[in-house]
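Residue numbers for the sequence shown follow the working numbering, beginning at 927 and rising by one. We treat Cβ as the ideally placed atom computed from N, Cα and C, and that holds for glycine.
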Amino acid sequence: MAEEQADVAAETAGRVVAAPVERGTPVSQGSELVRLSSTETDAQLKEAQANAAQIEARLGFTSGGSFDVNAVPEVQNAKAAYELAQSEFARIKSLLDQKVVSQSEYDQRRTQMEAARQQYEAAKNGAAQQYQSLQAARARVALARKAFTDTVVRAPFNGVVAQRLVSVGDYVTKGMKIAVVVRVNPLRVQLTVPEQFISAISVGQPVGFLVDAYPGRQFEGRVKYIAPALQADQRALTVEAVVPNPKGDLKPGLFATARIEQHARTPGVLVPAAAVLTSGGTSRVFVVSGDHVEERVVSIGQTVGDAIEITNGLKAGERVATTNVAQLVDGSHIRN
């Protein structure tokens, strides 16, 4: 019997401040194995969050909405000033046409309008750049949050701690292995099946087995994996079954004797190999009916000498053509 094993490594560097599990401790997925000092990563996270919040405040923007440059307060103010300058310029232009104001006053208003336009464009460009800075700041927040989260090393699945390799006070580096967790429910059972029985094996099939540790007690599992090729040295096939082990009675490394039910197999109809045409993965025979033949698609099984087993599509007692088969078509006349 084999277990699924995970070598759990630290995702960040730091000093161990807590190690609440020991060898043999049952753990659930996500439960704490080791905790590293988070003082530095916590400070980095808070700094990154504060920086992002400052930029959001300048933009009048929150993480819940979509970015609209025209909604930025600075841009709104610049736009309002530009629109006011446009309105004032239009008024002065009308007065100039009536010769109520001087050309110099008209030129002054036009210069003011152009300056307001440039300020409006600059405000929009500045807001867009600020938004890019916000995106970068948020990325730094995400990285800092991950670094903070990574200070707690957690179990990858339900299982048992097989090894704890660090203690409180140890300094670990990123990627350093700190624990080994094994999954004991369910367990994998590795079976060796002789080649003469491989046709009786299929994924999902029930399998019963005995172990010496529990005489007379039968455990049940199901086939999960069948190797694609035989073991050349043994002429046998490796098969894996999965067995529930909720109470942990079964231990990795136990030797198991398995029993796989081999269902009785109904033999097919044997016909001469020359009677079967196979093309493109489809096999056909021509069944003799009076003075003509009927084309029949069939399923084939084993080859026995010069004969082929037909497992579906042909009944016992039906005659098939065996000569010039390649020249026949459905309905061809033959001589009896």
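Item: Could you tell me the alpha carbon to alpha carbon distance between A974 and A1073, rounded to whole angstroms?; Value: 12 Å
Item: With a Cβ-Cβ cutoff of 8 Å, do G1134 and R1185 count as a contact?; Value: yes
Item: Tell me whether P1141 sits in a helix, a strand or coil according to DSSP, three-state version.; Value: coil
Item: For Q1045 and E1031, I'd like the C-alpha separation in whole angstroms.; Value: 21 Å
Item: Check whether the Cβ atoms of I1226 and T1208 lie closer than 8 Å to each other.; Value: no
Item: Can you give me the C-alpha to C-alpha distance between Q1116 and A1182, rounded to a whole angstrom?; Value: 9 Å
Item: Looking only at C-alpha atoms, which of G1101, Q1012, E1047 and Q955 sits nearest to N996?; Value: E1047
Item: Give a yes or no on whether the C-beta atoms belonging to L1176 and V1168 are separated by under 8 Å.; Value: no
Item: Determine the extent of the beta strand (DSSP E) in which E982 is found, giving its start and end residues.; Value: Note, E982: premise wrong, no beta strand (DSSP E); alpha helix (DSSP H) at T965 to L985.
Item: What's the gap between the Cα of Q1056 and the Cα of Q1038?; Value: 26 Å
Item: Measuring alpha carbon to alpha carbon, tell me which residue in G1147, K1241, V1079 and F1212 is nearest T1099.; Value: V1079
Item: Could you tell me whether the region 1110 to 1129 touches the region 935 to 944, using the rule of 3 or more Cβ pairs below 8 Å?; Value: no
Item: Can you tell which of Q1012, I981 and D1023 has its C-alpha closest to the C-alpha of Q1058?; Value: I981
Item: Taking D1076 as the reference, which of D968, V1149 and V1086 has the closest Cα?; Value: D968
Item: Which class does S1013 belong to by DSSP, given the choice of helix, strand or coil?; Value: helix
Item: Roughly how far, in whole angstroms, is the beta-carbon of Q1144 from the beta-carbon of L1156, given that I think they are within contact range, below 8 Å?; Value: About 28 Å separates the two Cβ atoms, so there is no contact after all.
Item: Going by the beta-carbon positions, is the gap between A1158 and P1120 smaller than 8 Å?; Value: no
Item: Label L1069 either buried or exposed according to how many other C-beta atoms from any shown protein chain fall within 10 Å of its C-beta, with 16 as the threshold for buried.; Value: exposed
Item: Of all the options A1063, I1104 and A1088, which has the alpha carbon lying nearest to the alpha carbon of N977?; Value: A1063
Item: By DSSP, does N1111 sit in helix, in strand, or in coil?; Value: strand
Item: Would you say the region 1004 to 1024 touches the region 1091 to 1105, given that touching needs at least three Cβ pairs under 8 Å?; Value: no
Item: Buried or exposed for N1171, going by 16 or more other Cβ atoms inside 10 Å?; Value: buried
Item: My parser needs the beta strand (DSSP E) runs of 3 or more residues fully inside the region 933 to 959; what are they?; Value: 940 to 944
Item: Please classify A1247: does DSSP put it in a helix, a strand, or coil?; Value: coil
Item: Name the residue from S1258, A1201 and T1229 whose alpha carbon lies nearest to the alpha carbon of T1249.; Value: A1201
Item: In the structure shown, what three-state DSSP assignment does I1226 receive?; Value: strand
Item: What is the DSSP secondary structure of A1201, reduced to helix, strand or coil?; Value: helix
Item: Checking 8 Å against the spacing of the C-beta atoms, do V953 and V1087 come in under that value?; Value: yes
Item: Could you check which residue in V1106, R1035 and L1010 has the C-alpha nearest to that of R949?; Value: V1106
Item: Let me check understanding here. Comparing Cα to Cα, which of Q1228, T1229, I1234 and L1203 lies closest to E1221?; Value: L1203
Item: Below 7 Å CB to CB, which residues in the same chain sit around M1102 once its five sequence neighbours on both sides are set aside?; Value: A935 and A936
Item: Mind checking whether G1243 and H1218 have CB atoms under 8 Å apart?; Value: no
Item: How many angstroms separate the CA atom of K1150 from the CA atom of I1127?; Value: 11 Å
Item: Return helix, strand or coil for P999, following the three-state DSSP convention.; Value: helix
Item: Apart from the five residues on each side of it in sequence, which residues of its chain come closer than 7 Å, Cβ to Cβ, to Q1131?; Value: R1148, V1149 and I1186
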